[in-house]
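The structure under discussion appears below in the form of structure tokens.
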Amino acid sequence: MPSGSRSRRTVVRVRPSFFKGILELAPRRPSAVIYRGLPSMELVFNQPLTDEEKREFLRALEEKFGDEFDVEVVDE
Numbered sequence: 898m899p900s901g902s903r904s905r906r907t908v909v910r911v912r913p914s915f916f917k918g919i920l921e922l923a924p925r926r927p928s929a930v931i932y933r934g935l936p937s938m939e940l941v942f943n944q945p946l947t948d949e950e951k952r953e954f955l956r957a958l959e960e961k962f963g964d965e966f967d968v969e970v971v972d973e
């Protein structure tokens with residue numbers, strides 16, 4: 898586990914960008930955004946990713962797929 902990190906793992910959630918731009922049009926920030934029934938993929942890394950690994954992974958995804966996917970990286 899990286900020094901100073903309290904998380905046990907890193908979860909990366911990837912979803913198609915079906916709703917791209919909708920949040921920007923909302924009159925204010927919603928309390929929650931719930932994606933129901935969308936296809937998604939979760940990559941679970943039991944040893945948390947370092948900040949550098951996260952940046953490189955996000956950069957590689959954007960380079961390969963552009964803004965075709967929404968990607969969320971969470972340390973749990």
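In this note's numbering, the protein residues as written are 898 to 973.
Even for Gly, the Cβ is constructed at its ideal location relative to N, Cα and C.
Fair warning: this is a prediction, and the values are worked out from it, not measured in the lab.
* To do: Taking ARG912 as the reference, give the member of LEU920, GLU939, ILE919 and VAL930 with the closest Cα.
  => GLU939
* Exposed or buried, MET898, counting other C-beta atoms within 10 Å across all chains shown (16 or more means buried)? -> Confidence is the limiting factor: at MET898 the pLDDT is only 47, short of 50, which leaves the residue's position unreliable and the question unanswerable from this model.
* **For ASP972 and SER914, believed in contact at Cβ under 8 Å, the rounded distance** => No, SER914 and ASP972 are not in contact; Cβ-Cβ is about 23 Å, not under 8 Å.
* Asked: DSSP on MET898, reduced to helix/strand/coil?
  -> Model confidence at MET898 stands at a pLDDT of 47, short of 50, so the residue's coordinates are unreliable; what they give is reported in the following sentence. Here MET898 sits in coil by DSSP.
* Residues of its chain near LEU955, where Cβ-Cβ distance is below 8 Å and the 5 sequence neighbours each way are ignored -> VAL968 and VAL970
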